[in-house]
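**Student:** In this note's numbering, the protein residues as written are 9 to 287.
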Amino acid sequence: MEVLGFIAICYFISKFFGGNDNKINLKCPYCRKDVNIDTPGFWNCPYCDNSFHYRSDGRVLLSDEACNEGVILIAQLFAKLAKADDVVSRQEIDVVDRIVRNDLELSDPQRKEFREAFNEHKNSVLGYLEIIHQLNYFYRETPQVLLFIVDSLFTIARVDGGIHMSQENFIHAAIETFNTTINMRYEDFLQGEGNSSNDNGNEYDNTDTAEDRYYHVLGCTANSTNDEIKSAYKRLVQQYHPDKHVSKDLPEDMIEYAANKFKEIRQAYEEIKKERKIS
9 MEVLGFIAIC
19 YFISKFFGGN
29 DNKINLKCPY
39 CRKDVNIDTP
49 GFWNCPYCDN
59 SFHYRSDGRV
69 LLSDEACNEG
79 VILIAQLFAK
89 LAKADDVVSR
99 QEIDVVDRIV
109 RNDLELSDPQ
119 RKEFREAFNE
129 HKNSVLGYLE
139 IIHQLNYFYR
149 ETPQVLLFIV
159 DSLFTIARVD
169 GGIHMSQENF
179 IHAAIETFNT
189 TINMRYEDFL
199 QGEGNSSNDN
209 GNEYDNTDTA
219 EDRYYHVLGC
229 TANSTNDEIK
239 SAYKRLVQQY
249 HPDKHVSKDL
259 PEDMIEYAAN
269 KFKEIRQAYE
279 EIKKERKIS
């Protein structure tokens, strides 16, 4: 009896603590046979050899229904850019739909999934720097896709009549992160020679005064109220605070970029505070 008890205990331990191997059991959506996989992603059924996609939310999709990880990241990035100025306009949604329809060559179910990912990530807590980093890794051997992404970001940002300051920071980070070919193509933009706009559609250029540029950094104008300036500052500080990005295990160049932007934002706010005597 003691031996049987010992065997039972060993079986219990192996069953519940050592024998699971973190396998995920599901049914192939084609042949309906049980399949064991390790992680979310694309898999081939060992019985019928058809490809299916297991999502992290538990959904199992046919291969022609699922967007790959890179396309989902593009949807997330487009959503973050559209919401960067706080409002996703009808024009921005329409231009995203046009890009998906004309350039990405997705099936109807894939376009539906792209739209779902776009809508889900407009207000997600995932930061755009993290998405940019993931896209850079996913498409590191296909720079033409990274170039397409940057071109698309410009198209989306400009559809409302000009690039908002928060969107300009966003695109700037994408260009600097992706690769040197893209940097060369957008050299003027990186050097501050591209135009952007504020909430009222007013454009900024290199003839602005130092005071104008401080407002520009915060995405505000001299006509903005003190409360609007405080709100813009708090939002940008939360977005670029170095502690937030160090904890995300991002590359050093992205952490440095965020840190420099953080300093620029604080300096701009301090100068505006002094000029306006904001307490």
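For each residue, glycine too, the CB sits at the ideal point set by N, CA and C.
Classify D93 as buried or exposed, calling it buried when 16 or more other Cβ atoms lie within 10 Å of its own Cβ.
**Tutor:** Looking up residue 93 in the sequence shown gives position 85. Buried.
**Student:** Quick one: residues in its chain with C-beta nearer than 8 Å to the C-beta of I139, no 5 flanking neighbours on either side, listed in chain order?
**Tutor:** For the purposes of this step, residue 139 is taken as the residue at position 131 of the sequence shown. Result list for I139: L81, Q84, L85 and K88, in chain order.
**Student:** Pick helix, strand or coil for V95, following the three-state DSSP scheme.
**Tutor:** For this step, residue 95 is matched to residue 87 along the sequence shown. Coil at V95, not helix or strand.
**Student:** In the DSSP assignment, find the beta strand (DSSP E) that holds I179 and state where it starts and stops.
**Tutor:** Within the sequence shown, numbered from 1, the residue matching residue 179 stands at position 171. It is not in any beta strand (DSSP E) - I179 instead sits in the alpha helix (DSSP H) that spans M173 to F186.
**Student:** Mind checking whether I157 and A165 have CB atoms under 8 Å apart?
**Tutor:** Here residue 157 corresponds to residue number 149 of the sequence shown, with the count starting at 1. Here residue 165 corresponds to residue number 157 of the sequence shown, with the count starting at 1. It is not a contact, given that the beta carbons lie outside the stated cut-off.
**Student:** Would you report the Cα separation of T217 and I179, rounded to the nearest angstrom?
**Tutor:** Numbered from its first residue, the sequence shown carries residue 217 at position 209. Numbered from its first residue, the sequence shown carries residue 179 at position 171. Going by the C-alpha atoms only, they are around 23 Å apart.
**Student:** Tell me whether L226 sits in a helix, a strand or coil according to DSSP, three-state version.
**Tutor:** By one-based count along the sequence shown, residue 226 stands at place 218. Helix at L226.
**Student:** Could you tell me whether the Cβ atoms of S174 and G227 are closer together than 8 Å?
**Tutor:** Indexing the sequence shown from 1 puts residue 174 at position 166. Indexing the sequence shown from 1 puts residue 227 at position 219. Yes, they are a contact pair.
**Student:** Sort out for me which residues DSSP pairs V68 with in a bridge.
**Tutor:** On the sequence shown, residue 68 is found 60 positions in, with the first residue counted as 1. V68 is bridged to Y62.
**Student:** Apart from the five residues on each side of it in sequence, which residues of its chain come closer than 8 Å, Cβ to Cβ, to E272?
**Tutor:** Walking along the sequence shown from the start, residue 272 turns up at place 264. Closer than 8 Å at Cβ, skipping near neighbours: V225.
**Student:** Quick check on N131: does DSSP put it in helix, strand or coil?
**Tutor:** As a position in the sequence shown, residue 131 is number 123, starting the count at 1. DSSP places N131 in coil when its eight states are reduced to three.
**Student:** By a C-beta neighbour count over all protein chains shown, 10 Å radius and 16 as the cutoff for buried, is T215 buried or exposed?
**Tutor:** Translated into positions along the sequence shown, residue 215 becomes position 207. Low confidence applies here, because T215 scores a pLDDT of 44, under 50, leaving its location unreliable and the question unanswered by this model.
**Student:** CA-CA distance, T233 and L155?
**Tutor:** Your numbering for residue 233 matches position 225 in the sequence shown. Your numbering for residue 155 matches position 147 in the sequence shown. Taking the straight line from one Cα to the other gives about 38 Å.
**Student:** Please report the straight-line C-alpha distance between G209 and E113, rounded to a whole angstrom.
**Tutor:** Stepping through the sequence shown from its first residue, residue 209 is reached at position 201. Stepping through the sequence shown from its first residue, residue 113 is reached at position 105. Because the pLDDT of G209 is 39, which lies under 50, any placement of that residue in the model is unreliable, and the number read from its coordinates should be weighed accordingly. Taking the straight line from one Cα to the other gives about 33 Å.
**Student:** Measure the C-alpha to C-alpha separation of Y241 and Y277 and round it to an integer number of angstroms.
**Tutor:** Position 233 of the sequence shown holds residue 241. Position 269 of the sequence shown holds residue 277. The alpha-carbon atoms of Y241 and Y277 are separated by roughly 7 Å.
**Student:** Take E73 as the anchor and find which of E124, V103 and N144 has the nearest alpha-carbon.
**Tutor:** As a first step, residue 73 is located in the sequence shown; it is residue number 65 there, counting from the start. Measuring from the Cα of E73, the nearest candidate turns out to be E124.
**Student:** Can you list, in chain order, the residues of its chain whose CB lies under 6 Å from that of N206, leaving out five sequence neighbours each side?
**Tutor:** In the sequence shown, the residue the question calls residue 206 occupies position 198. Low confidence applies here, because N206 scores a pLDDT of 43, under 50, leaving its location unreliable; read the following figure in that light. Result list for N206: T229, in chain order.
**Student:** Using the C-alpha atoms, what's the distance from D65 back to D168?
**Tutor:** As a working mapping, residue 168 is identified with position 160 in the sequence shown. As a working mapping, residue 65 is identified with position 57 in the sequence shown. About 34 Å.
**Student:** So which of P37, V79, V103 and P54 has the shortest CA-CA distance to F60?
**Tutor:** As a working mapping, residue 60 is identified with position 52 in the sequence shown. Closest by alpha carbon: P37.
**Student:** Pull up the DSSP beta-bridge partners for G49, would you.
**Tutor:** As a first step, residue 49 must be located in the sequence shown, where it is residue number 41. DSSP output for G49 lists Y62 as bridge partner(s).
**Student:** Can you tell me the Cα-Cα spacing of W51 and Q152, whole angstroms?
**Tutor:** Locating residue 51 in the sequence shown gives position 43, counting from the first residue. Locating residue 152 in the sequence shown gives position 144, counting from the first residue. The straight-line gap from Cα to Cα measures roughly 27 Å.
**Student:** Using beta-carbon positions only, say whether N177 and K269 come within less than 8 Å of one another.
**Tutor:** Numbered from its first residue, the sequence shown carries residue 177 at position 169. Numbered from its first residue, the sequence shown carries residue 269 at position 261. Yes, the pair counts as a contact, with Cβ atoms nearer than the cut-off.
**Student:** Along the chain, where does the beta strand (DSSP E) that runs through N231 open and close?
**Tutor:** As a first step, residue 231 must be located in the sequence shown, where it is residue number 223. Run containing N231: none; DSSP gives neither H nor E here.
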